[in-house]
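Below is one structure, written out as structure tokens; comments come after it.
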Amino acid sequence: MHYAGFTTNQIYQLFTSPVKSLQFEITPILKNHPLIHQKSHFYKKFLAFQSLDIDIIQSQLEAHRIVPLPIIDARFPSLLKEIYHPPLLLYCKGNLNLFNDACYYPLAVVGARDFTAYGERAVEYLLHQMKHQPIVIVSGLAKGTDALAHHYALCNNIPTIAVLGFGHFHHYPKHTQTLRTHIDKYAGGLSISEYPPTTAPAKFRFPERNRIISGLSKGVLVTEAKERSGALITLDQALEQNRNVYVLPGDMFNPNTKGNLLRVKEGAEIVLSAEDILKDMNTSIQ
């Protein structure tokens with residue numbers, strides 16, 4: 002259905018229980034669904050759905066080593082199933098074993114696009130301390146802190162998952178294209194998207210992507226965040242999803258860390274060393 006243009010939210014509108022619906026023939030259900038006939042854009046997508054050639058789609062995915070992973074697959078990340086309106090399908094390229102949260106502690110690292118020297122030094126310092134630990138670094142492959150997190154994960158041979166806000170046949174921003182190539186070639190690398198490979202980048206998709214970053218993770222670390230920022234949105238989603246939340250200590254006069262201080266007031270834990278995170282990891286995977 003994604004290939005026909007239906008969004009995840011639209012699929013949830015069409016099916017009371019989308020997960021159960023995956024086990025049945027969908028076309029007859031859609032054909033008689035009132036929303037298909039009430040909303041013209043739904044009807045156009047239904048017609049597109051009927052004309053899809055599954056064999057061609059499967060051949061394209063196989064040619065690019067992309068694995069479609071439905072939510073009913075045993076390999077689908079269990080943590081992600083817990084969130085509100087989880088993605089029903091993930092398009093994955095890389096090491097699917099990184100989804101095994103019984104063996105790994107998935108840690109999301111997010112922060113400012115325009116990070117400071119302090120932010121970079123902190124990411125480098127913390128990830129070096131996590132070397133040889135069963136940690137997986139999760140981030141969004143965006144310019145800034147996301148790219149730092151993936152880069153220093155690779156430098157320390159730490160597995161990393163890149164959550165894309167577009168399909169696998171596209172990339173944004175150009176700044177992180179080389180980094181993505183390294184992740185795809187790395188044995189401990191995995192890039193995933195809830196969008197079909199042909200889906201182009203669009204501004205509204207990146208907030209949708211953020212819920213997957215936090216949903217995949219047992220903990221979320223914010224390095225630097227202004228009072229209003231995408232990093233704080235991800236952190237707030239993590240709080241809603243009952244994840245462990247961590248922030249770097251901030252300067253009260255620095256707008257780049259004002260968001261950090263505000264979330265400490267709401268219960269986020271200040272991180273002074275990797276041990277502040279590793280103690281939760283040790284409890285989680287024992």
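Oh and the sequence shown: position 115 is 116 in the numbering used here, straight run, nothing missing.
No residue lacks a Cβ here, since even glycine has one placed at the ideal position from N, Cα and C.
Small disclaimer: the values here were computed from a predicted structure and weren't measured.
The segment 218-231 makes contact with the segment 252-270: 3 or more CB pairs, one atom from each, lie closer than 8 Å.
Inter-segment contact for the segment 44-54 and the segment 3-17 is present: three or more beta-carbon pairs are separated by less than 8 Å. Collapsing the DSSP output to three states places Glu-270 in a strand. Val-124 is not bridged by DSSP to any residue.
About 31 Å separates the Cβ atoms of Pro-135 and Tyr-173, ruling out a contact at the 8 Å cut-off. In this chain, Tyr-196 is not harboured by any beta strand (DSSP E), its DSSP state being neither H nor E. Counting only residues of its own chain and dropping the five nearest sequence neighbours on each side, Lys-40 has no CB closer than 8 Å to any other CB. Collapsing the DSSP output to three states places Ala-109 in a strand. Ranked by Cα distance from Ser-140, the first of Ile-73, Asp-277, Ala-118, Leu-236 is Leu-236. If you compare the alpha carbons of Met-131, Lys-144, Pro-198 with that of Ser-60, the shortest gap goes to Pro-198. For Cys-93, the uninterrupted beta strand (DSSP E) segment begins and ends at 90-95.
Closest in alpha carbon position to Thr-161, among Val-265, Ile-193, Arg-212, His-171, is Ile-193. Taking 9 Å as the cut-off, the Cβ atoms of Phe-116 and Gly-95 do not count as close. Shown here for Leu-262: same chain residues with a beta carbon closer than 7 Å to its own, the five before and five after excluded, namely Gly-251, Met-253 in chain order. For a cut-off of 8 Å, the C-beta gap from Gly-168 to Tyr-196 is around 5 Å, short enough to register as a contact.
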